[in-house]
Amino acid sequence: MPLFLTISGLVLLFISGEALVRGSVALARRLGVSEIAVGVVLVGFGTSAPELLVSAESALLGHTDLALGNVIGSNIANILLIVGSAALVTPIILKVGAGQKEAFIVLIATAMVVLMASFGELRFWHGLVMVLALLGYLALTWCCGGENTLDDDGVEEESVCSTPRALIFAVVGLAGLVLGADLLVRGAVDIAREFGVSEAVIGVTIVAVGSSLPELAASAVAAFRGRPSVAIGNVLGSNLFNLLGALGIAAMITPVRTTGMDVTFPMSAMLALTGCFIALVVARRIGRTIGAVFLLTYVGFIWIQFSMG
């Protein structure tokens, strides 16, 4: 039964996340919202909605280790699994300056969260600072514009949807995410109890991969279309929303523990990997060899997590 709940939740999150992205982007374009706002705000939120819902649901049910593990694990999966897969399909070559501003913002946000977590617990005011920082970034992006890291291939064909159909997609997608998150959290908690593995480990591994499926799908499509740079925009936007939005809201709901090896090791890994990823974005090239190394590193990370759990 726990496995059935977990798989059902994963499938529902994947389908619902896709529906929410399609509906939100199509609706925004029908209403004349700017392209940069669509790409950064709506697509970024849409692909990170599973992480947000899973973390909020976990916090509401008192499973804060699962909420934290989901965010950390999703950010690690975005870098190692998604970028690694995209680079393996075709080498990622970025234009001069592409994604660099966003990359440094993600690095600063990651360092800020790790610093706050070093005090042993993320409380309401920590979460408030994170959410306000995210809102500030979104307001700046909305008002001043910026680099649109997601081109038209990243949000394919949503503009052809009629307004009623787009609204239905968005509403059904959001409802599906809520239900999928509930099923996934309950199933994951039961699995953790059944096998004696900590909720943090389950969050960093199974739940994180599941909630990262929308990003993986979007990046895989972009890579196969010969537009691997879209994967970079996906990862940067998603990681920022995960850290400041999903974790921030979870901390505002209830204090989140940030001590213990099951938390400190993946958090340190997330910071180190983010630094490596930013360096590659600045270098503007991620080849197949690095992609393969990323994927192997992710396999090793998962193995270490279950060994420690």
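So the sequence shown is residues 1 to 309, counted in the numbering used here.
Where is the CB? At the ideal position from N, CA and C, for every residue including glycine.
Minimum C-alpha distance to R288 - residue among S48, V83, S8, V207: V83
query: Hey, L236 and E102: beta-carbon distance below 9 Å or not?
result: yes
- prompt: My guess is that L295 and I286 are in contact by the Cβ rule of under 8 Å, so how many angstroms apart are they, rounded?
  reply: About 12 Å separates the two Cβ atoms, so there is no contact after all.
task: Return the chain-ordered list of same chain residues with a C-beta closer than 6 Å to the C-beta of I310, the five sequence neighbours on each side being excluded.
output: With the chain covering 1 to 309 only, the question about residue 310 has no answer from this structure.
query: If you scan the stretch 72-126 from start to end, which runs of the beta strand (DSSP E) of 3 or more residues do you find wholly inside it?
result: none
- prompt: Among residues of its own chain, excluding the 5 on either side of F301, which ones have a beta-carbon nearer than 6 Å to its beta-carbon?
  reply: none
- prompt: If you drop the 5 nearest sequence neighbours on each side, which residues of the same chain put their C-beta closer than 8 Å to that of L167?
  reply: G23, L27
task: Less than 8 Å between the CB atoms is what I'm expecting for G312 and G173, so what's the real figure, rounded?
output: The question about residue 312 has no answer here: the residues shown for the chain are numbered 1 through 309.
- request: Please determine, among V114, A109, W125, A87, the residue with the shortest C-alpha to C-alpha distance to L134.
  value: A109
- prompt: If you compare alpha carbons, which of G62, I92, I7 is closest to A283?
  reply: I92
query: Is the beta carbon of L52 less than 9 Å from the beta carbon of A292?
result: no
message: For S8 and P50, what's the separation of their Cα atoms in angstroms?
response: 14 Å
- prompt: By the 10 Å Cβ neighbour count, where 16 or more other Cβ atoms means buried, how is A187 classified, buried or exposed?
  reply: Per the sequence presented here, residue 187 reads as Gly, with Ala not at that position. Buried, since its Cβ has 16 or more Cβ neighbours within 10 Å.
message: Please report the distance separating the alpha-carbon of V11 from that of V171.
response: 18 Å
Through-space distance from R257 to I76, alpha-carbon basis: 19 Å
- prompt: Between which two residues does the alpha helix (DSSP H) harbouring G300 extend?
  reply: 288-308
- prompt: In whole angstroms, what is the alpha-carbon distance linking N148 and Q100?
  reply: Caution applies to N148, whose pLDDT of 46 falls short of 50 and renders its modelled position unreliable; the model cannot decide the point.
- request: Determine the burial state of A139: buried for a count of at least 16 other Cβ atoms within 10 Å of its Cβ, exposed for fewer.
  value: exposed
field: Best match in S85, E121, L94, V189 for proximity to E57 [C-alpha to C-alpha]
entry: V189
task: Determine the contact status of M267 and I15, defining contact as a CB-CB distance below 9 Å.
output: no
message: Among L273, P255, S212, whose alpha-carbon lies nearest the alpha-carbon of E18?
response: S212
- prompt: Residues in its own chain within less than 7 Å of M116 by CB, not counting five upstream and five downstream?
  reply: L122, H126
V256 (DSSP reduced to helix, strand or coil): strand
task: List the DSSP bridge partners of R285.
output: I93
Simplified DSSP assignment, three categories, for G62: coil
- prompt: Can you round the beta-carbon distance between L66 and V207 to whole angstroms, since I take them to be within the 8 Å contact cut?
  reply: 7 Å
task: Consult DSSP for S238 and reduce its assignment to one of helix, strand or coil.
output: helix
task: In the DSSP assignment, find the unbroken alpha helix (DSSP H) run with M208 in it and report its ends.
output: According to the sequence provided, residue 208 is Ala. The question's Met does not apply to it. Looking at the DSSP string, the run of the alpha helix (DSSP H) that includes A208 is 208-211.
query: In angstroms, rounded to a whole number, what distance separates the CA positions of N239 and G275?
result: 13 Å
message: My assumption, with CB atoms under 8 Å, is that A59 sits in contact with A250. Please give the rounded CB distance.
response: 4 Å
message: Which residue marks the beginning of the alpha helix (DSSP H) containing V201, and which one marks its end?
response: 199-202
Option nearest G180 by Cα separation, candidates T6, M1, P2: T6
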